[in-house]
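In the working numbering, the protein residues as written are 9 to 119.
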């Protein structure tokens, strides 16, 4: 909306009408240009893009949890057959901390 600072509250119908007509014609010309362009544009997806879209939708709908692996580990813990490899766990923790803090930590057992 245009603000007329020259009239200081005095209503001037001829100025207001001209401004309204100018705004209307500008809006109509921009809309007609958009309509003309949209008629000639088209989009087509390659088969790779369609496959990627399908995979992305599948990933969004999944929970991200491998339930069979969770069930297998739960069963192993319950029956007492789950064993923790403490050396491997310590190595992975050291590697994680090295990645996290940016330092290189040697995780070789022989060092």
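Note that the Cβ used here is the ideal one computed from N, Cα and C, for glycine as well.
None of the values given here were measured: they were computed from a predicted structure.
What does a CB cutoff of less than 6 angstroms around residue 72 pick up in its chain, not counting 5 residues either side in sequence? Looking up residue 72 in the chain shown gives position 64. No residues qualify anywhere along the chain.
Between residue 53 and residue 66, what straight-line distance do the alpha-carbon atoms span, to the nearest angstrom? By one-based count along the chain shown, residue 53 stands at place 45. By one-based count along the chain shown, residue 66 stands at place 58. Straight-line Cα distance between these residues: approximately 18 angstroms.
According to the neighbour-count rule (16 or more other Cβ atoms, all chains shown, within 10 Å of its Cβ), is residue 44 buried or exposed? Counting from 1 along the chain shown, the entry for residue 44 is found at position 36. At residue 44 the pLDDT is 49, less than 50, meaning the model places this residue with poor confidence; the figure from the coordinates comes in the next sentence. So residue 44 counts as exposed.
With DSSP collapsed to three states, give me the class of residue 53. Counting from one through the chain shown, the residue named residue 53 turns up at place 45. Three-state DSSP puts residue 53 in coil, outside helix and strand.
Backbone CA spacing between residue 93 and residue 108 [nearest angstrom]: Taking the chain shown and counting its residues from 1, the one referred to as residue 93 is at position 85. Taking the chain shown and counting its residues from 1, the one referred to as residue 108 is at position 100. Roughly 22 angstroms between the two C-alpha positions.
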